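**Student:**
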Amino acid sequence: MKFTAFAAVPAVALACAAPALAEPQAEVLHWWTSGGEAKSAAVLQQEFADNGGTWTDMPVAGGGGDAAMTALRARVLSGNAPTAVQLKGPAIQEWYEEGVLADISSVAEAEGWADVLPESIADHMKCEGKWCAAPVNVHRVDWIWANAALLEASGIDMPQTWEEFNAAADKLLAAGVTPLAHGGQAWQDATVFEAVALGILGPEDFRKAFVELDMETLKSDKMIAVFDQMRKMRGYVDANFPGRDWNLATAMVMNGEAAFQIMGDWAKGEFLAAGKEPGKDFLCASVPGDGFLYNVDSFAMFEVDGEDKQAGQDLLAKLIVGPKFQEVFNLNKGSIPARVDVELDAFDTCAHLSAKDMGESAEGGSLLPSYAHGMALRGAQSGAITDVVTAHFNSDMSSDEAVQMLADAVANSM
Ligand code: BGC
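Our numbering applies: residue 866 is where the sequence shown begins, and numbers increase by one.
Listed below in structure tokens is the structure:
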């Protein structure tokens, strides 16, 4: 009988007949190299290994990802793209248009991503209707971090307006304390700039200026006021800021060498990795003004040959959006999960504030993509803006000149 005959086939013969299952492999390009970032990346590496994958790490140091994106371009141009790449915002669609991204819709559909991701996030992950990236988290950019003891000793509360911020900073300066911890890379200048711009322009004009590139708003008096405030910020930074990495600026706040830092909540990942507690050792508050600037980290898979690499891409995509990973990773990274169905019980007060403000701003129309972190604009446009921001911050250029230069740079980039 057939059944008996089948059962009689030795196991070893069956094993030879069955196609060999590809062992998942992934070379992963990312820029998570600071203490908190590396701890978070290790969560993903471990999860990948626990599920039978072999991970080849390709970290490219340099916050904000500028160096990583240069390395990526070189790899793709030489015909040797990494398997998976930390990529976000419109850069995902730009790479898709170059015909080098893999379609991961089969994983997305099998895992029901459409049911667990907010539409605003899912939209960033799609290329011509197909899923082409997997979201890891939601970082908020418009945060102020502070050293709790230093503020208390100086009799300063977390500022609610830019006037209060300036008054606090002037008081700290007079007492010989560096008010603002800052590093010396263009993306760090852009991060402070967009936080100031959100506060001073308000969400509606922020959208007009940095999402729609509306010329009138870019040239407005309010934009002049944004650069005026940036000139003040420059005065609140210590003399050694050029060349400093963002995480070293965070360490200055941690160690009481500076009072505040304006940075996305990956800074919280640094505080936590150093064993610091929110509300006790450090404070978090959104920058003065309304709105929420989001920055969603995600991974895109590049077209590669080999079943083992394709199996690696599928496994990685599946794990990244999995609920357990989204919880553990984001507890380390400082961000909140991209999935809406992950309980936040284990998260701290800053994460709860982020989730609450994100929900409210989504309803009120003030949930906005971060221009400084590549969520709002294509590279040519965001690069043109950042060039002006950093040229102004690092010189004695007037606000009028900066605004004129901004309008020209944006016009030329289109
Ligand atoms: C990324 C974060 C990262 C930060 C500093 C941001 O653009 O979204 O994940 O921690 O840069 O490197």
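Even glycine gets a Cβ: it sits at the ideal position worked out from N, Cα and C.
Being a predicted model, the structure only gives us computed values, none of them experimental.
#1: Can you give me the C-alpha to C-alpha distance between residue 998 and residue 1075, rounded to a whole angstrom?
#2: Is there contact here, the region 1034-1048 with the region 1236-1244, by at least three beta-carbon pairs under 8 Å?
#3: Please tell me whether, using a cut-off of 7 Å, the distance from the CB of residue 977 to the nearest non-hydrogen atom of the ligand PLP is below it.
#4: Pair every Cβ in the region 983-997 with every Cβ in the region 1010-1017, then say whether three or more of these pairs are closer than 8 Å.
#5: Could you pull out every residue in the same chain whose Cβ sits closer than 7 Å to the Cβ of residue 1195, ignoring the five residues on either side in sequence?
#6: According to DSSP, simplified to helix, strand and coil, what is residue 1142?
#7: If we call anything under 8 Å between Cβ atoms a contact, is residue 948 one with residue 1169?
#8: How is residue 861 classed by DSSP in three states: helix, strand or coil?
#9: Within 10 angstroms of its Cβ, does residue 871 collect 16 or more other Cβ (buried), or is it exposed?
#10: When DSSP labels each residue in this structure, what does residue 870 get in the three-state scheme?
#11: Indicate, with yes or no, if the ligand BGC has a heavy atom lying under 7 Å from the CB of residue 1162.
#12: Which parts of the region 987-1042 are runs of the beta strand (DSSP E), unbroken and 3 residues or longer, counting only runs that do not cross its ends?
#13: Among 1036, 1028 and 1174, which residue has its Cα nearest to the Cα of residue 1061?
#14: Three or more beta-carbon pairs under 8 Å between the region 895-902 and the region 1201-1216, yes or no?
#15: Return the first residue and the last residue of the alpha helix (DSSP H) that residue 1175 is part of.
#16: Here's the rule I'm using: 16 or more other beta-carbon atoms within 10 Å means buried, otherwise exposed. How should residue 1072 be labelled?
#17: Consult DSSP for residue 890 and reduce its assignment to one of helix, strand or coil.
#18: Helix, strand or coil for residue 878? Go by DSSP, reduced to three states.
#19: Can the beta-carbon of residue 888 be found closer than 8 Å to that of residue 1173?
#20: Determine the direct distance from the alpha carbon of residue 1057 to that of residue 1088, and round the result to whole angstroms.
#21: Helix, strand or coil: how does DSSP classify residue 1147 here?
#22: What's the C-alpha gap between residue 943 and residue 936?
#23: Looking only at its own chain, which residues have a Cβ that is under 8 Å from the Cβ of residue 940, when we skip the five neighbours before and after it?
#24: For the alpha helix (DSSP H) that residue 1279 lies in, which residues bound it at each end?
#25: Nearer than 7 Å: is that true of the beta carbon of residue 1129 relative to any heavy atom of the ligand BGC?
#26: Nearest-angstrom Cα distance between residue 1137 and residue 1116?
#27: How big is the Cα-Cα spacing for residue 924 and residue 907?
#28: Quick one: measure Cβ to Cβ for residue 1102 and residue 1009, integer angstroms, because I've assumed they're closer than 8 Å.
#29: Could you check if residue 967 is buried or exposed, using at least 16 other CB atoms within 10 Å of its CB as the buried criterion?
#30: Assign residue 916 to one of two classes, buried (16 or more other C-beta atoms within 10 Å of its C-beta) or exposed (fewer than that).
#31: Is the CB-CB distance between residue 1261 and residue 972 below 8 Å?
#32: Heavy atom of the ligand BGC less than 7 Å from the Cβ of residue 1047, yes or no?
#33: If we ignore side chains and look at the alpha-carbon of each, how far apart do residue 1032 and residue 1132 end up?
#34: Return the chain-ordered list of same chain residues with a C-beta closer than 8 Å to the C-beta of residue 1222, the five sequence neighbours on each side being excluded.
#35: When the Cα atoms are used, what is the spatial distance from residue 891 to residue 1184?
#36: With hydrogens ignored, establish whether the beta-carbon of residue 1238 is closer than 7 Å to any heavy atom of the ligand BGC.
**Tutor:** With the structure as the only source:
#1: Here residue 998 is taken as the residue at index 133 of the sequence shown, counted from 1. Here residue 1075 is taken as the residue at index 210 of the sequence shown, counted from 1. Each residue's Cα considered, the two are about 23 Å apart.
#2: The answer is no - the region 1236-1244 does not touch the region 1034-1048, with fewer than three Cβ pairs under 8 Å.
#3: Questions concerning the ligand PLP fall outside what the structure shown contains, since the ligands it does hold are the ligand BGC.
#4: Between the region 983-997 and the region 1010-1017 there are fewer than three C-beta pairs closer than 8 Å, too few to call the two in contact.
#5: The residue you call residue 1195 lines up with position 330 of the sequence shown. Cβ neighbours of residue 1195 beyond the five flanking positions: 1002, 1201 and 1202.
#6: Sequence index remark: in the sequence shown, residue 1142 carries index 277 (1-based). The three-state reading of DSSP puts residue 1142 in coil, since its state is none of H, G, I, E or B.
#7: Taking the sequence shown and counting its residues from 1, one reaches residue 948 at position 83. Taking the sequence shown and counting its residues from 1, one reaches residue 1169 at position 304. Yes. Within cutoff.
#8: For the chain, the structure presents residues 866 to 1279; residue 861 sits outside this window and is missing.
#9: One-based indexing of the sequence shown puts residue 871 at position 6. Residue placement at residue 871 is poorly supported in this model, since its pLDDT is 36, which falls under 50; the coordinates are not used for a value here.
#10: Translated into the one-based positions of the sequence shown, residue 870 becomes position 5. Note that residue 870 has pLDDT 36, beneath the 50 cutoff, so the model's placement of it is unreliable and the number below is only indicative. Helix at residue 870.
#11: The residue you call residue 1162 lines up with position 297 of the sequence shown. True, at least one ligand heavy atom lies under 7 Å from that Cβ.
#12: Runs of the beta strand (DSSP E) inside the region 987-1042: 1002-1005 and 1008-1012.
#13: To locate residue 1061, count along the sequence shown from 1; it is residue 196. Out of 1036, 1028 and 1174, 1028 has the C-alpha closest to the C-alpha of residue 1061.
#14: Contact annotation: the region 895-902 does not touch the region 1201-1216, with fewer than three C-beta pairs closer than 8 Å.
#15: If you number the sequence shown from 1, residue 1175 lands on position 310. Under the DSSP assignment, residue 1175 falls in the alpha helix (DSSP H) whose first and last residues are 1172-1186.
#16: Against the sequence shown, residue 1072 aligns to sequence position 207. Burial call: buried.
#17: As a first step, residue 890 must be located in the sequence shown, where it is residue number 25. It is a strand residue.
#18: Counting from one through the sequence shown, the residue named residue 878 turns up at place 13. Any answer about residue 878 is weak, because its pLDDT of 43 lies below 50 and its placement is not dependable; what the coordinates show is given next. Correct three-state label for residue 878: helix.
#19: The residue given as residue 888 occupies position 23 in the sequence shown. The residue given as residue 1173 occupies position 308 in the sequence shown. A contact, by the Cβ cut-off of 8 Å.
#20: If you number the sequence shown from 1, residue 1088 lands on position 223. If you number the sequence shown from 1, residue 1057 lands on position 192. The alpha-carbon atoms of residue 1088 and residue 1057 are separated by roughly 14 Å.
#21: By 1-based counting over the sequence shown, the position of residue 1147 is 282. Taken through DSSP and simplified to helix, strand or coil, residue 1147 comes out as strand.
#22: Here the question's residue 943 lines up with position 78 in the sequence shown. Here the question's residue 936 lines up with position 71 in the sequence shown. Each residue's Cα considered, the two are about 11 Å apart.
#23: As a working note, residue 940 is residue 75 in the sequence shown. Contacts found: 894, 946 and 947.
#24: Taking the sequence shown and counting its residues from 1, one reaches residue 1279 at position 414. Run containing residue 1279: none; DSSP gives neither H nor E here.
#25: On the sequence shown, position 264 is the one that residue 1129 refers to. Of the heavy atoms belonging to the ligand BGC, at least one sits nearer than 7 Å to the Cβ of residue 1129.
#26: Counting from 1 along the sequence shown, the entry for residue 1137 is found at position 272. Counting from 1 along the sequence shown, the entry for residue 1116 is found at position 251. Here the C-alpha atom of residue 1137 lies approximately 11 Å from the C-alpha atom of residue 1116.
#27: Along the sequence shown, read from residue 1 onward, the residue named residue 924 stands at position 59. Along the sequence shown, read from residue 1 onward, the residue named residue 907 stands at position 42. Approximately 12 Å between the Cα atoms of the pair.
#28: For the purposes of this step, residue 1102 is taken as the residue at position 237 of the sequence shown. For the purposes of this step, residue 1009 is taken as the residue at position 144 of the sequence shown. Actually they are not in contact, since the Cβ atoms of residue 1102 and residue 1009 sit about 14 Å apart, beyond 8 Å.
#29: The count along the sequence shown starts at 1 and reaches residue 967 at position 102. Under a 10 Å Cβ-count criterion, residue 967 is classified as buried, with 16 or more other Cβ atoms of the shown protein chains found around its own Cβ.
#30: Locating residue 916 in the sequence shown gives position 51, counting from the first residue. With a threshold of 16 other beta carbon atoms within 10 Å, residue 916 falls short and is exposed.
#31: Residue numbering aside, residue 1261 sits at position 396 when the sequence shown is read from its first letter. Residue numbering aside, residue 972 sits at position 107 when the sequence shown is read from its first letter. Not a contact, by the Cβ cut-off of 8 Å.
#32: Here residue 1047 corresponds to residue number 182 of the sequence shown, with the count starting at 1. Result no, Cβ not under 7 Å from the ligand BGC.
#33: Within the sequence shown, the letter at position 167 stands for residue 1032. Within the sequence shown, the letter at position 267 stands for residue 1132. The alpha-carbon atoms of residue 1032 and residue 1132 are separated by roughly 24 Å.
#34: As a working mapping, residue 1222 is identified with position 357 in the sequence shown. Once the five neighbours on either side are set aside, the close Cβ partners of residue 1222 are 1005, 1151 and 1157.
#35: Taking the sequence shown and counting its residues from 1, the one referred to as residue 891 is at position 26. Taking the sequence shown and counting its residues from 1, the one referred to as residue 1184 is at position 319. Each residue's Cα considered, the two are about 13 Å apart.
#36: Counting from 1 along the sequence shown, the entry for residue 1238 is found at position 373. Yes, the Cβ of residue 1238 comes within 7 Å of a heavy atom of the ligand BGC.
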